[in-house]
Amino acid sequence: MRVEPKASAIHHPQAATAARQFYAGTTRQKIGECLPGRQWATIEPYIYPKGLAPLPGNCMQAIDIENAIVLPWGLGSRSPHDLFSVCAEIINCPGDIVLDASNLSYIDPLGMATLRALFENQLVQKRVSMQFLSRDLTSYLARMDFFKDIDVEGVDLSGVGRRNDRSTSLVEITKISEHHQAEAAASRLARAITGRLTQSDPDAPVDEHTGRNEFDSYRGPLEYSLKELLENSLTHARREGRGDAAVWLTCQFYPKLNLVRMAIVDNGCGFLATLRNHPELHDRTHLHAIEAALKPRVSCNRGAMAQILGSENQGIGLTTTAKIADAAGGGLIIVSGNGIHDTKRRQSQELHDALWNGVSIAFSCTRELLPTISISDLLPKDDAGQVDDDLDLDLNFR
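Quick note on numbering: the sequence shown equals residues 2 to 399 in the working numbering.
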């Protein structure tokens with residue numbers, strides 16, 4: 002017989018220890034009421050705070066994590082195999098989802114954007130509970146808007162305080178569901194990636210010949226390429242009957258490492274479905290589809306692809322973003338289906354027992370190297386080896 006306690010009931014081989022450590026000094030938690038220093042009692046197959054369970058008339062549904070999905074130490078671009086293995090477990094979970102976060106110590110933009118996209122889909126039909134998430138990670142994820150507008154049980158957000166404007170170092174998780182949202186999102190991403198690479202004031206007078214000031218010249222080229230990438234992502238994601246697909250993005254600058262990490266994730270049909278009939282795709286696998294998408298003019302919406310997809314852009318998307326990352330000492334990690342490709346390490350692998358329905362892209366670069374890049378040198382060339390005239394204007398960091 003299933004017990005329905007007032008506080009959440011939890012079962013895990015180490016749950017009692019984790020609970021004592023995590024809730025020490027806590028006065029109130031979303032998953033139930035517990036007092037500082039309260040002891041825990043085990044009543045198989047659940048664990049309850051002493052004195053709270055089981056009592057007649059309690060109505061909150063018990064949380065059974067006997068088969069909980071245990072999160073690894075880190076979720077993100079450092080260990081993408083771990084991230085997408087967890088995603089596969091969540092997707093394949095037949096009932097409500099319970100996550101044991103007692104081991105989780107690190108999550109980066111790729112982990113946040115991918116899990117957020119997945120949670121929004123799973124919450125349509127299931128409950129999602131995240132137990133034993135540390136206070137530091139709770140605060141960080143809340144700051145990045147990970148929990149905004151979704152109901153993840155087991156997470157106490159009562160201690161989340163005011164936050165400062167950090168637009169030059171991060172972009173909170175943002176959902177793109179309409180093409181017109183791409184421009185503003187790209188502007189925010191470019192600002193967070195470049196920060197203040199010069200001493201110029203964004204409100205400084207513009208050059209009378211170019212109509213731009215130094216600040217705009219640094220940020221503009223990257224912003225343009227990111228806008229193309231976001232629009233491409235949404236367009237491709239919504240093929241094959243996936244008209245409700247969306248794109249999630251987030252970004253952060255890590256000053257101690259001088260490193261920028263950004264993620265752009267969609268829950269659409271993936272590269273293989275989009276490029277299945279493209280002449281550059283010689284082997285119809287997810288891995289080869291990723292590699293084909295990185296070739297100039299393949300994944301952009303021009304020519305034949307524009308006719309198929311019903312829109313056209315200039316082709317400054319995935320290929321050029323990968324080149325920008327490479328030139329700035331970073332790279333891309335791209336996951337689609339069961340394929341994963343790392344441009345920095347030049348490695349391609351297949352995920353074992355994991356499949357991402359969509360495309361997840363992790364971007365990294367060294368911020369201080371961005372001013373050395375000339376975007377026009379990275380642009381895809383036409384058949385005559387020339388860059389389109391309208392693309393060659395002002396697309397330089399230097």
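The C-beta atom is built at its ideal place from N, Cα and C for all residues, glycine as well.
Inset, instruction - State the start and end residues of the unbroken beta strand (DSSP E) segment that holds Lys176. - result: Taking the sequence shown and counting its residues from 1, the one referred to as residue 176 is at position 175. Note, Lys176: beta strand (DSSP E), Leu171 to Ile177.
Inset, instruction - Kindly identify the DSSP beta-bridge partner or partners of Glu369. - result: Indexing the sequence shown from 1 puts residue 369 at position 368. Its beta-bridge partners do not exist; DSSP assigns none.
Inset, instruction - Find out if the Cβ-Cβ distance for the pair Thr322, Leu333 is shorter than 9 Å. - result: The sequence position of residue 322 within the sequence shown is 321, counting from 1. The sequence position of residue 333 within the sequence shown is 332, counting from 1. Yes, Cβ-Cβ distance for Thr322 and Leu333 is below 9 Å.
Legend entry - Segments assigned alpha helix (DSSP H), at least 4 residues, entirely inside the stretch 211-295: 215-238, 271-276 and 287-294
Legend entry - Met113 (DSSP reduced to helix, strand or coil): Along the sequence shown, one-based indexing puts residue 113 at 112. Helix.
Inset, instruction - Note down the Cα distance separating Leu473 from Pro95, rounded to an integer number of angstroms. - result: The structure shown does not extend to residue 473, since the chain spans only 2 to 399, so no value can be given for it.
Legend entry - Contact between the stretch 361-371 and the stretch 246-263 (3+ Cβ pairs under 8 Å): yes
Legend entry - Any 3 or more C-beta pairs closer than 8 Å across the stretch 278-289 and the stretch 190-209: no
Inset, instruction - Put Gln30 into one of helix, strand or coil per three-state DSSP. - result: What you label residue 30 is simply residue 29 of the sequence shown in a count that begins at 1. Model confidence at Gln30 stands at a pLDDT of 39, short of 50, so the residue's coordinates are unreliable; what they give is reported in the following sentence. Residue state, collapsed to three classes: strand.
Inset, instruction - Keeping to the same chain, check which residues put their C-beta closer than 8 Å to that of Leu119; ignore five residues upstream and five downstream. - result: Here residue 119 corresponds to residue number 118 of the sequence shown, with the count starting at 1. Correct list, in chain order: Cys88, Ile91, Ile92 and Asn268.
Legend entry - Host beta strand (DSSP E) of Ser188 (start-end): The sequence position of residue 188 within the sequence shown is 187, counting from 1. That residue, Ser188, is in no beta strand (DSSP E); its alpha helix (DSSP H) goes Ala183 to Thr195.
Legend entry - Close-in-space but distant-in-sequence residues of the same chain around Phe148 (CB under 7 Å, 5 per side omitted): Along the sequence shown, one-based indexing puts residue 148 at 147. So the qualifying residues of the chain are Leu142, Val156 and Leu158.
Inset, instruction - Using beta-carbon positions only, say whether Ile1 and Thr251 come within less than 9 Å of one another. - result: Residue 1 falls outside the range modelled here, since the chain spans only 2 to 399, and no answer is possible.
Legend entry - Neighbourhood of Gly271 by C-beta distance below 8 Å, restricted to the same chain and skipping five residues each side: As a first step, residue 271 must be located in the sequence shown, where it is residue number 270. Once the five neighbours on either side are set aside, the close Cβ partners of Gly271 are His287, Ala290, Ser337, Gly338, Trp357, Asn358, Gly359 and Val360.
Inset, instruction - Would you check if the distance between the CB atom of Asp77 and the CB atom of Asp109 is smaller than 9 Å? - result: Here residue 77 corresponds to residue number 76 of the sequence shown, with the count starting at 1. Here residue 109 corresponds to residue number 108 of the sequence shown, with the count starting at 1. At residue 77 the sequence reads Gly, which differs from the Asp that was named. In this structure, Asp109 lies closer than 9 Å to Gly77 by Cβ.
Legend entry - DSSP three-state assignment for Asp83, whether helix, strand or coil: In the sequence shown, the residue the question calls residue 83 occupies position 82. Here Asp83 sits in helix by DSSP.
Inset, instruction - Note down the Cα distance separating Val266 from Ser86, rounded to an integer number of angstroms. - result: Counting from 1 along the sequence shown, the entry for residue 266 is found at position 265. Counting from 1 along the sequence shown, the entry for residue 86 is found at position 85. Rounded to the nearest angstrom, the two C-alpha atoms are 16 Å apart.
Legend entry - Pairwise C-alpha distance: Val99 and Leu380: To locate residue 380, count along the sequence shown from 1; it is residue 379. To locate residue 99, count along the sequence shown from 1; it is residue 98. For Leu380 and Val99, the distance between alpha carbons rounds to 46 Å.
Legend entry - Cβ neighbours of Ala246 in the same chain (closer than 8 Å, five flanking residues each side left out): On the sequence shown, residue 246 is found 245 positions in, with the first residue counted as 1. Taken in chain order, the residues that qualify are Leu235, Ala238, Arg239, Asp267, Asn268, Gly269, Cys270 and Gly359.
Legend entry - Sheet register partners of Glu154 (DSSP bridge): Translated into the one-based positions of the sequence shown, residue 154 becomes position 153. Bridge partners of Glu154: Ser130.
Inset, instruction - Report the residue from Tyr255, Lys345, Arg197 and Ala274 whose alpha carbon sits nearest the alpha carbon of Arg220. - result: Here residue 220 corresponds to residue number 219 of the sequence shown, with the count starting at 1. Nearest of Tyr255, Lys345, Arg197 and Ala274 to Arg220, Cα basis: Arg197.
Legend entry - Asp327 versus Phe364 - alpha carbon distance: To locate residue 327, count along the sequence shown from 1; it is residue 326. To locate residue 364, count along the sequence shown from 1; it is residue 363. Cα-Cα distance, rounded: 10 Å.
Legend entry - Contact set for Ser130: own chain, Cβ-Cβ below 6 Å, skip 5 residues either direction: Stepping through the sequence shown from its first residue, residue 130 is reached at position 129. Here the set comprises Ile64, Val99, Glu154 and Gly155.
Inset, instruction - List the whole-angstrom C-beta distance separating Ile401 from Leu352, where the pair is believed to meet the contact cut-off of C-beta under 8 Å. - result: Because the chain is modelled from 2 through 399, residue 401 falls outside the range shown and cannot be assessed.
Inset, instruction - Figure out for me which residue from Thr139, Arg117 and Ser135 has the closest Cα to the Cα of Asp150. - result: In the sequence shown, residue 150 corresponds to position 149, counting from 1. Closest option to Asp150, Cα to Cα, is Arg117.
Inset, instruction - Write down the C-beta distance between Leu171 and Gln253 rounded to the nearest angstrom, noting that I regard them as a contact closer than 8 Å. - result: As a position in the sequence shown, residue 171 is number 170, starting the count at 1. As a position in the sequence shown, residue 253 is number 252, starting the count at 1. Rounded, the Cβ-Cβ distance is 4 Å, consistent with contact.
Inset, instruction - Just the C-alpha distance for Gln132 and Val71, rounded to the nearest angstrom, thanks. - result: By one-based count along the sequence shown, residue 132 stands at place 131. By one-based count along the sequence shown, residue 71 stands at place 70. In a straight line, the C-alpha of Gln132 is about 10 Å away from that of Val71.
Legend entry - Minimum Cβ-Cβ distance from His283 to chain D less than 9 Å: Within the model displayed, chain D is absent; a lone protein chain is all it includes.
Inset, instruction - Enumerate in chain order the residues of its own chain whose CB-to-CB distance from Pro73 is below 6 Å, with the five nearest sequence positions on each side excluded. - result: In the sequence shown, counting from the first residue as 1, residue 73 sits at position 72. Once the five neighbours on either side are set aside, the close Cβ partners of Pro73 are Asp83.
Legend entry - Residues bridged to Ala326 [DSSP beta-bridge criterion]: As a first step, residue 326 must be located in the sequence shown, where it is residue number 325. The partner list for Ala326 (beta bridge, DSSP) is empty, contrary to what the question assumes.
Inset, instruction - Specify, as a first and last residue, the run of the alpha helix (DSSP H) that Ser375 falls within. - result: The residue labelled residue 375 in the question sits at position 374 within the sequence shown. Note, Ser375: premise wrong, no alpha helix (DSSP H); not H, not E.
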